[in-house]
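The sequence shown runs 5 to 307 under this note's numbering. No residue lacks a Cβ here, since even glycine has one placed at the ideal position from N, Cα and C. Inspection log for the structure reproduced underneath, given as structure tokens.
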Amino acid sequence: MQTDKDIFNLIKETYPQEPREEFVESTSNKLKQRARKLNRKKKIKRFPIVSASIAICTLALSWFFFYGETNLFTSYLTSLGREEKPQSIVNHQDPLVFIYHSHNTESFFSEAKTDDSNQAFHEDRNISLVGERLRQSLLNKGVNSILDKTDIMGILEEKGLPFSQSYTISRDPLNAALEKNQSIKMVFDIHRDSAKRIDTTVTLNGKDYPRTAFVVSQSSDFFEENLEFAELLHSKIEEKYPTLSRGVLIKADTSKQNTYNQDLIEQSVLIEIGGVGNTLEEEYRTVDILAEVIEDILRNEPY
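Shown next, in the form of structure tokens:
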């Protein structure tokens, strides 16, 4: 069976005026990224990726021979995404959402029995309960999800690793889940902020709700896709519940070391739900709204 590399070597051998190496590499990357996206779209009946690559490369050969420019091929790549809007994938039996917690013992003053944000951690009564509430709320709306319960902080302690390595540890179960479940469309790493309650809380219809903040890493190869996804989440919440969202926060890491694992999938975001001064009861209110927004996106956006 021919690999992507074999196909591109064939193109280079067939066309005597060999294209620039950087163009070949760039085109190869675009094809692989597009193939991955196509593989995640359930409305396409899982035709083999190799067949798709051969069809695309056949067009590429024609382009090399007749045109020698990037216009036609770029237009074709773009046209692959212009498909009719699929039927809703809600109520799909396979998991569509992956939920995890890189800082799984993050807790709240009310649960940790402290007023020191640096000490607000708890082995059981922590942010993982918020993730469980999101999983259940999504399930009630017909959206299956995976909630990863890996004890990230326990692994750090066991291996003698610093807190800064938490995203490295949480990357393994996320990567394994994505490889095993091609149906996953969205990934959420859920945290609580350490900011003061006055900054993380809003009152709507007489009840207090923790505000959301969507964090995107600028270091990720999927930065633009993740940013678009975060902005969509923010706008959907803002439309129905004004001021509940604090907006989208872009984190720039000049060392390019921390992507918050957002380089693994196009729709991935870190969410700060409320802060250390909020309560679990309040957290659940906001999570139920988040589930509502996620279900709405899955039902109406083209996947």
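Span of the beta strand (DSSP E) around Lys255
249-255
If you drop the 5 nearest sequence neighbours on each side, which residues of the same chain put their C-beta closer than 6 Å to that of Gln222?
Ile254, Ala256
How long is the line joining the alpha carbons of Tyr213 and Phe125, rounded to whole angstroms?
Linking Tyr213 to Phe125 through their CA atoms gives a straight-line distance of about 21 Å.
Residue ranges of each alpha helix (DSSP H) run of no fewer than 4 residues wholly in the region 109-181, ordered along the chain?
113-116, 132-144, 156-163
On the DSSP letters alone, give me the boundaries of the alpha helix (DSSP H) that Ala217 sits inside.
Where Ala217 is concerned, there is no enclosing alpha helix (DSSP H), although the beta strand (DSSP E) it sits in stretches over 216-221.
Ends of the beta strand (DSSP E) at Leu208?
205-208
Going by the CB atoms, is the gap between Phe112 and Leu284 shorter than 8 Å?
yes
Which class does Ser239 belong to by DSSP, given the choice of helix, strand or coil?
helix
Given this structure, state the Cα-to-Cα distance separating Lys189 from Ala217, to the nearest angstrom.
So the two alpha carbons sit approximately 20 Å from each other.
Pull up the distance between the alpha-carbon of Val291 and that of Asn148, whole angstroms please.
16 Å
Please name the residue in Ile131, Gly164, Glu242, Asn144 whose C-alpha comes closest to that of Thr154.
Ile131
Opening and closing residue of the alpha helix (DSSP H) in which Ile194 lies:
Segment 190-197 is the beta strand (DSSP E) holding Ile194; no alpha helix (DSSP H) there.
Looking at the secondary structure, which residues open and close the alpha helix (DSSP H) in which Leu274 lies?
Where Leu274 is concerned, there is no enclosing alpha helix (DSSP H), although the beta strand (DSSP E) around it starts and stops at 272-279.
Terminal residues of the alpha helix (DSSP H) in which Ile293 lies
284-304
Tell me whether the beta-carbon of Arg215 lies closer than 8 Å to the beta-carbon of Gly281.
no
Distance, Ser170 Cα to Val94 Cα:
32 Å
Return yes when the Cβ of Asp193 is within less than 8 Å of the Cβ of Tyr264, no when it is not.
yes
Alpha carbon to alpha carbon, how far is Leu160 from Asn179? Give it in angstroms, no decimals.
Asn179 and Leu160 have their alpha carbons spaced roughly 18 Å apart.
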